[in-house]
Amino acid sequence: MTGLEYSGTEVSEVITSAGAIRCEAVVGATGLWTPSWWRMQGLEPTMTLGEGEQAEQRPLTEYWLAREGDYVLPGVGLSGNAGRAAPVVHFDQTAPLYSDRDGELITDEPWGIYFRMGMTGGGIVGGGLPLAMGPDFVVDPYGPDNPAQVAGDDLSEFFTSGLAFMLKRFRGAGNRWDSNPNGGVLALTPDRYPVTDWTAPNVYSIIDAGHGFKMLAVGREAAREILGHRPSPLLEPFRLSRFGSGTTHVVSKSPYPWT
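Those letters in the sequence shown? Residues 183 to 441, by the working numbering.
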């Protein structure tokens, strides 16, 4: 997709590298490429937060690197008892975190980890705090082949030290972990919640804000709204107008930006 063709205020064609496609309506759920999607519509990918003297300009989306990985440590009593639907454990902490490798301070700011048992019971899948990518971040080339878009050994030290802080069985393991860090990039809105709204008379835009499985419910309501031609009361908290009116969502005290 390379652009939109308008007839008056409505989109009449979607322009692609293979030609134009006539349409009655367009639904854009463009994820990391939301700024480009906004520009295709002739919109600036910025938001005004608040009103009057308190108003401030913010980017429509900010990029964060979600850092996760697979970790194996033999001999610590891990088993397959958790089954295929192992629960995810979130652990937030305000005490300083020190490295389980060399005892050096990792952070004295609020921090957290999340993890679950691997499906085979032989390891742990988990992650730590994401990293803000900054205004100069470039999305493409997207994916794990781009070293700027995957986690490194700094995550492994952070995560395994967090496990050691939380659970005695992991203390002193240091470099004995078999670590495979990975991750991916998220695009978050200014208040870290999704956007679902009409951005033109026949253009419906969705910004997922990295909410994963929660977007199933949002997608269901968006489909009902589009096909039923009437607003869904459940989606009213996720309109673009919330930014200008100052009715954004409550800021969490969690160290994670997406909660």
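Where a beta carbon is used, it is the ideal one built from N, C-alpha and C, also for glycine.
Here the structure is a predicted model, which means the values were calculated and not measured.
### Query
Would a C-beta distance cut-off of 7 Å place D282 and G356 closer than the cut-off?
Yes; because the gap between Cβ atoms is below 7 Å, this pair is in contact.
### Query
Residues in its own chain within less than 8 Å of S414 by CB, not counting five upstream and five downstream?
Within the same chain, and ignoring the five residues on either side of S414 in sequence, the residues whose Cβ sits closer than 8 Å to its Cβ are E403, A404, R406 and E407.
### Query
Since S387 is in the beta strand (DSSP E), which residue starts that stretch and which ends it?
Note, S387: beta strand (DSSP E), V385 to I389.
### Query
Near Q331, what residues of its chain come up, given a Cβ to Cβ distance below 6 Å and the 5 sequence neighbours on each side ignored?
V367, listed in sequence order.
### Task
Could you check the C-alpha separation between L417 and E286 for me, to the nearest Å?
Cα to Cα, the separation comes out at about 46 Å.
### Query
How long is the line joining the alpha carbons of L225 and L247, rounded to whole angstroms?
Here the C-alpha atom of L225 lies approximately 26 Å from the C-alpha atom of L247.
### Query
Do V377 and L422 have their C-beta atoms closer together than 7 Å?
It is a contact, given that the beta carbons lie within the stated cut-off.
### Query
Does the beta-carbon of G316 have 16 or more other beta-carbons within 10 angstroms, so that it is buried, or is it exposed?
By the 10 Å Cβ count, G316 comes out exposed.
#### Entry: Spatial distance of L311 from W293 (CA atoms)
Going from the Cα of L311 to the Cα of W293 covers about 7 Å.
### Close beta carbons around G251, own chain, < 8 Å, minus the five adjacent residues each side
Once the five neighbours on either side are set aside, the close Cβ partners of G251 are V307, G308, G309, A333, L337, S338, F341, S361, N362, P363, N364 and G365.
### Message
At the level of alpha carbons, what is the spacing between Y296 and T191?
### Response
Roughly 46 Å between the two C-alpha positions.
### Query
Based on the DSSP secondary-structure assignment, which residues constitute the bridge partners of E250?
Bridge partners of E250 according to DSSP: G309 and N364.
### Residue burial classification, I203 (beta-carbon count within 10 angstroms, cutoff 16)
Under this definition I203 is an exposed residue.
### Query
To the nearest whole angstrom, what separates the beta carbons of T228 and L242, a pair I think is in contact under 8 Å?
So it is a contact: roughly 6 Å between Cβ atoms.
### Task
Output the boundary residues of the alpha helix (DSSP H) element that contains M222.
Residues T216 to M222.
### Query
Since G213 sits in a beta bridge, which residues does DSSP pair it with?
G213 pairs with nothing; no bridge assigned.
### Query
Under a three-way DSSP split, which group does R351 fall into?
Look at R351 here: in three-state DSSP terms it is helix.
### Message
Short of 6 Å in beta carbon distance, which residues of its chain neighbour T212, apart from the five on each side in sequence? Order them along the chain.
### Response
Result list for T212: W219, in chain order.
### Task
Leaving aside the five residues before and after K290 along the sequence, list all residues of the same chain whose C-beta is less than 7 Å from its C-beta, in chain order.
Per the sequence presented here, residue 290 reads as Asp, with Lys not at that position. Same-chain partners within the cutoff: P278.
### Task
Taking all protein chains shown into account, decide if G305 is buried (16 or more other Cβ within 10 angstroms of its Cβ) or exposed.
Buried is the call here.
### Task
Give me the Cβ distance between A478 and V193, rounded to the nearest whole Å; I'm assuming they're in contact under 8 Å.
There is simply no residue 478 to check, as the chain begins at 183 and stops at 441 in what is shown.
### Enclosing beta strand (DSSP E) for V196 [first to last residue]
Secondary structure note for V196: its beta strand (DSSP E) is the uninterrupted segment E192 to T198.
#### Entry: N-terminal and C-terminal residue of the alpha helix (DSSP H) that E407 is part of
Segment M397 to G410, the alpha helix (DSSP H) holding E407.
### Message
Between which two residues does the beta strand (DSSP E) holding R298 run?
### Response
Element bounds for R298: W293 to M299.
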